[in-house]
Amino acid sequence: MSQKPLAGYKNRNIKAVALRSLSAGGYALMSFVVAVALSWLVLVPLNFGYGLWHDIGGIKEGIERYGPQNRFKPGFTETSREQRIALFEAINHSVHSGGAGLAEITYRTATSGGQQHLLRNSEIVHLQDVANLIDVLKWAALLISLLWLAATATFWKSRRFPNITLQFKGLFALLGPATVILFIAGPENVFNRMHELIFPAGHQWFFYYQESLMSTMMLAPVLFAWIAAAMLAISLLIFACLQYALWLADRYLRQHPQRQVA
170 MSQKPLAGYK
180 NRNIKAVALR
190 SLSAGGYALM
200 SFVVAVALSW
210 LVLVPLNFGY
220 GLWHDIGGIK
230 EGIERYGPQN
240 RFKPGFTETS
250 REQRIALFEA
260 INHSVHSGGA
270 GLAEITYRTA
280 TSGGQQHLLR
290 NSEIVHLQDV
300 ANLIDVLKWA
310 ALLISLLWLA
320 ATATFWKSRR
330 FPNITLQFKG
340 LFALLGPATV
350 ILFIAGPENV
360 FNRMHELIFP
370 AGHQWFFYYQ
380 ESLMSTMMLA
390 PVLFAWIAAA
400 MLAISLLIFA
410 CLQYALWLAD
420 RYLRQHPQRQ
430 VA
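Residue numbers (the working numbering): 170 to 431.
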């Protein structure tokens with residue numbers, strides 16, 4: 170008996186399983202992007218928790234250490250906790266409003282020599298680049314969310330959702346190589362390289378604490394690490410809720426099979 174038909178069947182079966190895994194992985198990836206986008210929407214009105222990170226994340230101590238060393242802007246060390254939160258909120262609002270108002274952000278203390286603009290021109294240019302990037306990411310998140318909704322509707326119509334195990338297998342196949350590259354190259358090198366690729370050539374994106382109150386008040390990249398941790402925690406919670414909702418939908422479809430019309 171020839172083994173060719175059997176071998177061909179096995180190959181087709183392997184390909185079908187691989188395609189289902191990649192399809193499920195793509196859906197899981199879109200689900201996680203939706204979760205990240207929703208976590209961003211949660212954190213924006215909360216000012217990304219700046220007040221909390223200021224108090225427990227080392228930012229207050231960083232300002233006290235590096236504020237007096239600033240070569241361009243005096244008196245920032247004497248700003249109150251409330252002032253710093255308000256200044257970060259102003260930056261947060263501006264970068265989510267196309268960069269409007271960045272040049273008007275000011276502070277005043279007893280030793281600042283009057284009202285001072287918080288940001289120098291190079292910092293304004295960088296934050297404008299950030300605002301432009303956020304605008305692009307908004308549209309990308311919206312597009313992926315619409316694709317996720319379309320995929321969800323398709324699964325509902327087919328009356329079967331990919332199970333969580335298959336989703337994670339596919340997700341690992343999609344993200345595994347990128348994760349390996351990240352650890353081999355080093356997160357900091359990848360972070361710097363991404364900045365070089367994303368932001369326009371010639372635009373400064375690295376600022377020393379001694380020359381930038383923006384960097385000092387954020388203690389960059391410390392604040393970004395705290396925000397990333399908060400986003401990850403919220404994203405995982407939302408992702409788990411989405412998966413639970415999909416499991417409930419899949420169970421409902423299985424318990425209510427579609428009736429065949431004679």
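Just so it is clear, CB atoms sit at the ideal spot from N, CA and C, and this is done for glycine as well.
None of these values were measured; they are calculated from a predicted model.
Per the DSSP calculation, Thr-275 is bridged to which residue(s)?
His-286
One question on the structure: do Asn-261 and Val-213 come within less than 8 Å of each other, judged by their Cβ atoms?
yes
Please report the residue range of the alpha helix (DSSP H) in which Trp-395 lies.
Residue range 391 to 424 is occupied by the alpha helix (DSSP H) that includes Trp-395.
On a Cα-Cα basis, can you pick out the residue from Leu-343, Trp-374, Ile-407, Val-202 that is closest to Leu-188?
Nearest C-alpha to Leu-188: Leu-343.
For Pro-356, which of helix, strand or coil comes out of DSSP?
helix
Comparing alpha-carbon positions, which option in Met-387, Ser-404, Ala-418 lies nearest Arg-250?
Met-387
Return helix, strand or coil for Pro-369, following the three-state DSSP convention.
Shown here, Pro-369 sits in coil according to DSSP, grouped into three states, outside any helix or strand.
Please classify Gln-238: is it buried, with 16 or more other beta-carbons within 10 angstroms of its beta-carbon, or exposed?
exposed
Which first and last residues belong to the alpha helix (DSSP H) in which Ser-266 is found?
Element bounds for Ser-266: n/a, residue is neither H nor E.
Looking at the secondary structure, which residues open and close the alpha helix (DSSP H) in which Gly-220 lies?
From DSSP, the alpha helix (DSSP H) with Gly-220 extends over 219 to 225.
Please name the residue, chosen from Gln-424, Ile-228, Val-202, that lies closest to Pro-308 on a Cα-to-Cα basis.
At residue 308 the sequence reads Trp, which differs from the Pro that was named. For Trp-308, the nearest C-alpha among the options comes from Val-202.
Nearest-angstrom Cα separation, counted from Tyr-421 out to Phe-360
44 Å
Going along the chain, which unbroken runs of the alpha helix (DSSP H) with 4 or more residues stay wholly within the segment 278 to 342?
290 to 327
Arg-160, enclosing alpha helix (DSSP H) - first and last residue
The structure shown does not extend to residue 160, since the chain is modelled only from 170 through 431, so no value can be given for it.
Quick one: residues in its chain with C-beta nearer than 8 Å to the C-beta of Ala-269, no 5 flanking neighbours on either side, listed in chain order?
Taken in chain order, the residues that qualify are Ser-263.
Rounded separation between Glu-273 and Gly-345 - CA only
45 Å
Terminal residues of the continuous alpha helix (DSSP H) containing Ser-249?
No alpha helix (DSSP H) holds Ser-249; DSSP gives it neither H nor E.
Keeping to the same chain, check which residues put their C-beta closer than 6 Å to that of Phe-217; ignore five residues upstream and five downstream.
Ile-396
Do Met-383 and Leu-312 have their C-beta atoms closer together than 8 Å?
The answer is no: Cβ separation not under 8 Å.
Opening and closing residue of the alpha helix (DSSP H) in which Leu-382 lies:
382 to 387
Within this structure, are the beta carbons of His-286 and Thr-278 separated by less than 8 Å?
no
Quick one: any contact between the segment 222 to 229 and the segment 358 to 376, if contact means 3 or more CB pairs under 8 Å?
The segment 222 to 229, when compared against the segment 358 to 376, does not touch it at the 8 Å Cβ threshold.
When we look at the beta-carbon of Gln-336 and count the other beta-carbons within 10 Å, is it buried (16 or more) or exposed?
buried
Excluding the 5 residues flanking Phe-158 on each side, which residues of the same chain have their C-beta closer than 8 Å to its C-beta?
As shown, the chain starts at 170 and ends at 431. That puts residue 158 outside it, with no answer to give.
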